[in-house]
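Single-structure report; data block below.
Here's what the structure looks like:
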C-alpha cells in the first residue's frame, strides 16, 4: 500500500473517531440538559402547588428533590419541617389577618416537624444560592430567630438575595439602615432601599406619590438629625439607579411570605 494511502486512511480514521466522540459527547450533554430541564420543571410545578395552598401535596412532591440537594426544594421542605420556629413570620400575628392565616395554618396540620433538619435544609439552600433561603436566613438574623440578632449578618444575606431579584430584601434592608442598633446606620440608604421596594409593589405605582409623603413623615421625620438635603439626594440617586438597572419585580408576586 502506497505511503500516501496509509496516511490518508490514518487521517480518515482519526477524523471519524473524533467525530464519533464529539457526537457522543454532544448527545450526552443534550440528554443531561434535557433531564435537568425536566427536573426543574417538576420542581417549579411542585412549588406552585405549595404556594397555592396545597401544602401536603407540594411537600410530598418536593421531598425527593430535597434529598438530591436541589436548593429550591430544600428551602420549601426545610420550611415545612421547621415551621414552628417561624410561626409569626409564616402565619402572621395581627388580628386583621386572623381568619385568613388560620385557614392557611390548617393546611400544615399533620405534616412532620423536625426543627434541626428543617433549619439545616434552609441553611444549605442559602449557601447553595437559593434566593428564597437567603431572604429567610437574613430575616432570621434580623429578627433574632434561631440565631442571635446580628444586623451585619442579616445585611450580608439580604443583599445577596436582593441581587437575585428578591424585592422584599430591600424592605428589610431599609429597616436595618434606619435602625439605631446598626453600626452603619444611614437614613439616605434606608430611604433608597424602601423606595426600591415600594416602587416594585404590583399595582402601587399610581399611589406612589401619596405613599411617599406618609413614609417620609413617619419613617424619616421622626429621626433626630434628619437631613432633607441628603434625602433629596437619595431620591435622585435611587431613581437613577432604577433607570440603569431596570429592576424586575415579578418575583415579588410569588413570595408567599411577603405581606
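Residue numbers (this note's numbering): 2 to 260.
For glycine and all other residues, C-beta sits at the position ideal for the given N, C-alpha and C.
- Per DSSP, the unbroken alpha helix (DSSP H) holding residue 142 starts and ends at 132-144.
- Judged by DSSP secondary structure, residue 151 falls outside any alpha helix (DSSP H); it is assigned neither H nor E.
- Ranked by Cα distance from residue 157, the first of 64, 143, 196, 84 is 143.
- Looking at the backbone, the Cα of residue 195 and that of residue 159 are separated by about 13 angstroms.
- Between residue 133 and residue 76, the beta carbon gap of about 5 angstroms places them in contact (Cβ cut-off 8 angstroms).
- Assigned with DSSP and collapsed to three states, residue 116 falls in helix.
- A contact is defined here as three or more CB-CB pairs under 8 angstroms, and the segment 36-47 meets this definition with respect to the segment 55-65.
- Counting C-beta atoms within 10 angstroms of its own C-beta, residue 153 has fewer than 16 neighbours from the protein chains shown and is therefore classed as exposed.
- No residue range can be given for residue 183, since it is assigned to no alpha helix (DSSP H) and is classified by DSSP as neither H nor E.
- Taking a contact as a CB-CB distance under 8 angstroms, the pair residue 119 and residue 83 counts as one, their CB atoms being some 3 angstroms apart.
- CA-to-CA, the gap between residue 123 and residue 191 works out to about 27 angstroms.
- Nearest in C-alpha terms to residue 166, of all of 56, 121, 197, 37, is 197.
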